[in-house]
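Protein chains in written order, with our numbering: chain A, -1 to 152; chain B, -5 to 713.
C-beta: ideal position from N, C-alpha, C; glycine also.
Beneath this line is the structure, given in structure tokens, with notes to follow.
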């Protein structure tokens, strides 16, 4: 049995230690908001937070998550919307939406580290793949969040 | 007489007729969308349910794959219904019910940018008809003429007395009325819900990870399946040695299909691990030797063939070319490309103990999924339900082909009574697509002494999508309109034209890839640019002169040229390219601004695109679709191709089939120029001019003609 802390809840799961965290979340813990896109950490649809840092869960053995805090889209903001989710709604970012939960998890962790990113920094950090073409609005939403954060400070 | 049957009544009727048809497993398209639909609301007509508290649930027959049809169609119904938009939600119409009610929701096919444009008429009428019935019901209750009553934001008011009734209060009465025979529609200039940038209905749930995509379906006791298909298209399974797979943890079943093997297990990862342990010998059929060179040889033979059928013939192109002052000739080609939807193909199937089959899948065509399920299961349509899930992208992969449904059923058949979710791995998805056709096109054109285009001869060698997916739509001569579009309907006034088509299919399945036939827009508009240069003319002016005044193409061309400051000086090193294309009901023109670095880095500074779709239902969604088309096109222009080696696709994942990242996304300025009088689409038109506008701009920057894609083979990459 492996002990996992996911979205604040402790779970005991009887799975192989090399099973990627993604499949433990999706098939064993009933959390399908984290998506499968490639299985080789290329697309980022599987992005979750491990102790607050964005990681790609499709290649992360579940054993590496034991004893650490895992946060998925389902637990990002319990009982309300995270500011990033609000900005995503405001700027009508998602199209099909399949990559967006991973995109949001990456953006949340990125903005926590760097609340006022430049375009170059966004280019470096936001490497999740979107097939629909939401990138223009992802960038717009991130800048709007940075502006709002700056407004709060001044 | 009651012609409108409430949903609850309908279900009772169905049950009385002997159908064990129960909707207990209907899945929400959006979590809130389905709440209480059947129990408390009234179906005023097939397109909407109105609840006592005035909530309106609008039924959507087309699929939602990101393009926004789910919201746009709801806007059109709500516009004519005159209901309160804040109380509107949507749900997918049931394909089973659709067949039982004699295809009451029209076409469910979601492709060809048709979602709005080919259903706008009947969905608007449905909204207007329901509004008239609601008004009549209120008037009847008051004993006044309906003409004295008006409806606005879900409230009916009797004008002379000011009495008011809410839609929720009269919906049940309205449903019992006979629908009006004559249903006038509003003039679009009076719209208040349609034509406005309403927030999409599906987005709030999408940012929370709530929508159930096909890949997310979860049912009590459900098992998971992973699949490996014969790596050579058309091959079969020769022998399977389950080896250790059967004893691996969680494995329930090894399935041998005709052309695939699958493992069923209690989680997808376990199924996929066991799949790798199977020892499979494939009978590759006769195509295990096919490589890129064989495909090129096949197309080239077609290009040289005598007696090809003609898709267009005007004047005498050969005589005109012989008499031309200048003749220009060029050959262009492009490769196979996979759709690469981010959600791989998936299907959940459950043979219920009561003999009913339920399917949950990401489909662009609920009806096609039903038909495929009937064929694969042997069950009649009334014993099948297809639950249309949210799609993680479609782009044409999930409409025509229903291979994933057929496989899902074949696998679930082996564990009757247990639901099984089939999910393809990325490599299966990459290597078992219905690819954008590879093609070669040769164009030969003649200019007269004044540099005017007088003759245009095109030879197209291209696999036929219709032959694979819709053979009944091939012309008598065997012409596939998707293979010759942009040539057989070229808007330029050229007196002598001929388009020859060589249908050469080979063994690689081809399919409707976003804007099918779009590679022809790239060929034509780059070649037109070559002709403008040969004529010593400006590329915009050269095109303008070939289009009649007041022509829709000319209008978007001139608009985009103005918006992009065509002809005005650019920053040092920045160059412009233009392209014009129409298709999918709309007219599109684009200007790209690029600069090219010494190492072949192409910086796309700006894309300006003008679109005339006749009407615009949701301007913000239409802009999002333009951005979407630019990105989708960009990947195919710079990176994407699927190569053949030993009969199989070489690329396997996003490490060798690249999707552009945010850093490569250019600025897109979209001009929506609806001129009225026709309905065009938005899901595809803006991709048509992307490749040629970019390549023409790169030519302006470098002097190098780019007659094949992707550009990585020309030493070019996005900056």
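- The residue among 390/B, 274/B, 424/B and 519/B with its C-alpha nearest the C-alpha of residue 486/B is 519/B.
- A straight line joining the alpha-carbon of residue 224/B with that of residue 231/B spans about 7 Å.
- Residue 452/B has 437/B and 493/B as its beta-bridge partners, per DSSP.
- Listed in chain order, the alpha helix (DSSP H) runs fully inside the stretch 69 to 102 of chain A are 81 to 88, counting runs of at least 4 residues.
- Contacts between residue 127/A and chain B, judged by CB atoms closer than 8 Å, involve 336, 648, 653 and 655 in chain order.
- In this structure, residue 139/A lies near residue 85/A, with their beta-carbon atoms less than 8 Å apart.
- For the stretch 209 to 227 of chain B, the set of residues with a beta-carbon nearer than 9 Å to any beta-carbon of chain A comprises 209, 210, 211, 212 and 218, in chain order.
- For residue 205/B, the nearest beta carbon of chain A is closer than 8 Å to its own beta carbon.
- For residue 520/B, the enclosing alpha helix (DSSP H) starts and ends at 513 to 528.
- Only those residues of the stretch 128 to 139 of chain A whose C-beta falls short of 7 Å from the nearest C-beta of chain B are listed: 129, 130, 131, 133, 134, 136 and 137.
- Residue 164/B and residue 559/B have their C-alpha atoms spaced approximately 56 Å apart.
- Between the stretch 245 to 255 of chain B and the stretch 293 to 311 of chain B, the count of Cβ pairs shorter than 8 Å is below three; the stretches do not touch.
- Residue range 320 to 328 is occupied by the beta strand (DSSP E) that includes residue 325/B.
- When the alpha-carbon of residue 697/B is set against those of 569/B, 582/B and 296/B, the nearest one is in 569/B.
- Nearest neighbour of residue 40/A by Cα position, chosen from 57/A, 78/A and 31/A, turns out to be 57/A.
- The DSSP assignment places complete alpha helix (DSSP H) segments of no fewer than 4 residues inside the stretch 54 to 105 of chain B at 63 to 75 and 89 to 94, in order along the chain.
- For secondary structure counted as the beta strand (DSSP E) over 3 or more consecutive residues, the stretch 171 to 238 of chain B holds these complete runs in sequence order: 217 to 223 and 230 to 235.
- The stretch 364 to 376 of chain B makes no contact with the stretch 314 to 321 of chain B, as fewer than three CB pairs between them are under 8 Å.
- In this structure, residue 337/B lies near residue 385/B, with their beta-carbon atoms less than 8 Å apart.
- Look at the stretch 604 to 621 of chain B: the residues with a C-beta under 7 Å from a C-beta of chain A are 614, 618 and 621.
- With respect to the 8 Å criterion, residue 583/B and residue 683/B are classified as neighbours on the basis of their beta carbons.
- Per the coordinates, the alpha-carbon of residue 543/B lies some 15 Å from the alpha-carbon of residue 574/B.
- For residue 26/A, the C-beta contacts it makes with chain B under 8 Å involve 261, in order along the chain.
- For residue 43/A, the nearest CB of chain B lies under 8 Å from its own CB, placing it at the interface with that chain.
- Look at the beta carbons and you see the stretch 349 to 367 of chain B not touching the stretch 644 to 655 of chain B: under three pairs across the two are nearer than 8 Å.
- Taking C-beta atoms as the reference points, residue 550/B and residue 605/B count as a pair closer than 8 Å.
- DSSP places residue 629/B within a helical segment (H, G or I) once states are collapsed to three.
- At a beta-carbon threshold of 9 Å, none of the residues of chain B lie near residue 78/A; the nearest stands roughly 10 Å away.
- With fewer than 16 other Cβ atoms inside 10 Å of its own Cβ, residue 444/B counts as exposed.
- Between residue 119/A and chain B, the shortest Cβ-Cβ separation is not below 8 Å.
- It is roughly 33 Å from the alpha-carbon of residue 45/B to the alpha-carbon of residue 365/B.
- Secondary structure at residue 345/B: strand, using DSSP grouped into helix, strand and coil.
- Taken in chain order, the complete alpha helix (DSSP H) segments of 4 or more residues contained in the stretch 292 to 322 of chain B are 311 to 316.
- Under the Cβ criterion (8 Å, minimum of three pairs), the stretch 618 to 631 of chain B does not count as touching the stretch 198 to 205 of chain B.
- The alpha-carbon separation between residue 637/B and residue 109/A amounts to approximately 40 Å.
- When 8 Å is used as the limit between beta carbons, residue 578/B is near no residue of chain A, the shortest such separation being about 17 Å.
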